[in-house]
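Report on the structure given below.
Numbering (the working numbering), first residue to last: 112 to 185.
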């Protein structure tokens, strides 16, 4: 049985993953699918971040906006 880790844990049910090798390695892409399925089965929110979300334009505020507001108590 595979053991998965996450890049960041925001809340007990919110995880952030940076999929930096997506589309580069087939086994990596298969693991992305497995993480998505696991998150769905466990009723977790999985926020997926890809290289295009960081460069050339930083889209992190859009991707993480509601999560950061909730963490700040807004």
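Glycine included, C-beta positions come from ideal geometry on N, C-alpha and C. All values reported here derive from a predicted model rather than from experimental measurement.
- Assignment of beta-bridge partners to residue 158 by DSSP yields 127.
- Between the stretch 174-182 and the stretch 143-150, the count of Cβ pairs shorter than 8 Å is below three; the stretches do not touch.
- Residue 127 places its beta carbon 7 Å or farther from that of residue 165.
- The beta carbons of residue 133 and residue 161 sit about 6 Å from each other, so the pair counts as a contact at 8 Å.
- In the structure shown, residue 122 adopts extended strand secondary structure according to DSSP, grouped into three states.
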